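Okay, so here's the structure we're looking at.
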Amino acid sequence: MSLKDRLKMRHLRTLVAIAEHGSLVRAAKALSISQPAVTKTLAELEDIAGHRLFERSPKGVTLTGAGQILVRHTGSGLRAIHDGLSSLSAEEEGEAPALVIGALPNVGATVLAPALVRFAAAAPRARVAVRTGSNAQLIAALKQGVLDMVIGRLAEPSDMQGLTFEHLYTEPLLLVVRPGHDLSLRQKIDPALLDGYRLVLPDAGTRAREAADRFFMAVGTGLPLKVIETIDLSFGRSYVLHSDAVWFVPLGAIENDLLQGSLVRLQIDTSATEGPVGLTLRVDTQSSESIQRVSDEIRQSAYERFGALSKSPNANA
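Here the working numbering runs 1 ahead of the position in the sequence shown, where the first position is 1.
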């Protein structure tokens, strides 16, 4: 039997799900099938491909070199099929195809939301889905064809193969506390004083966390020991408001809180944590009208929000 006859759509969907979730159990849940069914399908696909596609470990599974190649092409193919079917359906119903955007939580709230308000006004029948997560999760989903674009921090150079990044603005992390906090009353703060408080930090392995860790090492305090890790902005905000914890968080996530006085910025220079934020797309992405329109609105939002720190919205004109 030829490869063409043996390879089924379920093999490809299973491959992408395992790669996206890094676990057979989570992939099975996402596909609404049993784990043994996922294991069997993966074994069939590895037999068809003639290569081991994943390395197993107690923490989950990771793609092999062969697996990365196959996922890259499979994700793009599945996305193309999905887009084709969506376009047919949309044409029949007079709607635009669905656009799936990945965004860091802080960027989604500050830049993407106003951009999509304008986009929806100009294209009222457009369908948009927004997915949030860590930068690494979003970049992986983009590579697999699950997302059309990502608005977030610049990924590691090793993760940028097959992708393009358009810089929009630079964003720092800030140290913030609840109103009335002991540190909020100080005009100048020695970073060493932070050792006496629990720190709310971005998840380990994220670009924001790497910036935070570099900050602590640079100021000579060493990495903090009393830590709560989260990229959930609602949780971080609530935790800090109900405790004496100090939150190290991207400016965009809490800018409105600072303006309203519900959070207070500590007088500690964190400019060294600044990192580039922008649009990431696949090199092979077909630039549809929806992608172009949303990209333009995102550029406009970034320019309005961050002004001179941002790339001009007319830079691509």
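Ideal Cβ positions, reconstructed from N, Cα and C, are used throughout, including at glycine.
Given the structure is predicted, the values throughout are model-derived calculations rather than measurements.
Any C-beta of chain D under 8 Å from that of residue i
i	result
residue 199	As a matter of chain content, chain D is missing from the structure shown, which is built from one protein chain.
Contact check, residue i vs residue j, beta carbons under 8 Å
i	j	result
residue 17	residue 63	no
residue 46	residue 39	no
residue 201	residue 231	yes
residue 282	residue 194	no
residue 213	residue 166	no
residue 192	residue 220	yes
residue 306	residue 175	no
residue 140	residue 280	no
residue 145	residue 20	yes
residue 300	residue 120	no
residue 177	residue 241	yes
residue 116	residue 302	yes
residue 190	residue 268	yes
residue 132	residue 103	yes
Reference residue i, options the options, closest by Cα
i	options	result
residue 291	278, 183, 43, 122	122
residue 245	253, 228, 256, 233	228
residue 243	54, 274, 180	180
residue 142	276, 101, 52	101
residue 296	66, 257, 112, 24	112
residue 155	114, 132, 105	105
residue 110	252, 217, 158	252
residue 237	254, 61, 222	254
residue 161	239, 187, 294, 284	284
residue 258	269, 235, 270	235
residue 185	120, 262, 128	262
residue 196	158, 247, 239	247
residue 99	128, 118, 73	128
residue 52	61, 60, 58, 66	66
residue 30	15, 44, 41	15
residue 134	233, 304, 9, 270	233
residue 48	12, 72, 59, 22	12
residue 72	190, 43, 226	43
residue 157	150, 70, 169, 137	137
residue 22	61, 271, 54	61
residue 289	132, 108, 149	149
residue 264	276, 275, 182	182
residue 7	50, 198, 271	50
residue 199	256, 226, 260	226
residue 59	24, 34, 36	24
Simplified DSSP assignment, three categories, for residue i
i	result
residue 7	helix
residue 168	strand
residue 281	strand
residue 17	helix
residue 39	helix
residue 33	coil
residue 61	strand
residue 319	There is simply no residue 319 to check, as the chain begins at 2 and stops at 318 in what is shown.
residue 194	helix
residue 220	coil
residue 266	strand
residue 200	strand
residue 68	helix
residue 54	coil
residue 86	Note that residue 86 scores a pLDDT of 48, beneath 50, so its modelled location is shaky; the value from the coordinates is reported in the next line. Helix at residue 86.
Classification of residue i by the beta-carbon crowding that lies within 10 angstroms, buried from 16 upward
i	result
residue 216	buried
residue 172	buried
residue 26	exposed
residue 210	buried
residue 208	buried
residue 118	exposed
residue 273	exposed
residue 169	buried
residue 260	exposed
residue 298	buried
residue 224	exposed
residue 206	exposed
residue 89	Low local confidence applies: a pLDDT of 49 at residue 89 is under 50, so the model's placement there is unreliable, with the coordinate-based value given in what follows. By the neighbour-count rule (16 or more Cβ atoms within 10 Å), residue 89 is not buried but exposed.
Near the ligand MN: residue i beta-carbon under 7 Å from a heavy atom
i	result
residue 133	Looking for the ligand MN in the displayed structure turns up nothing, as the structure carries no ligands at all.
Residue ranges of each beta strand (DSSP E) run of no fewer than 3 residues wholly in the region 227-259, ordered along the chain?
-> 228-230, 247-251
Sequence ranges, beta strand (DSSP E) only - wholly within the region 88-166, length at least 3 = 100-104, 129-133, 150-154
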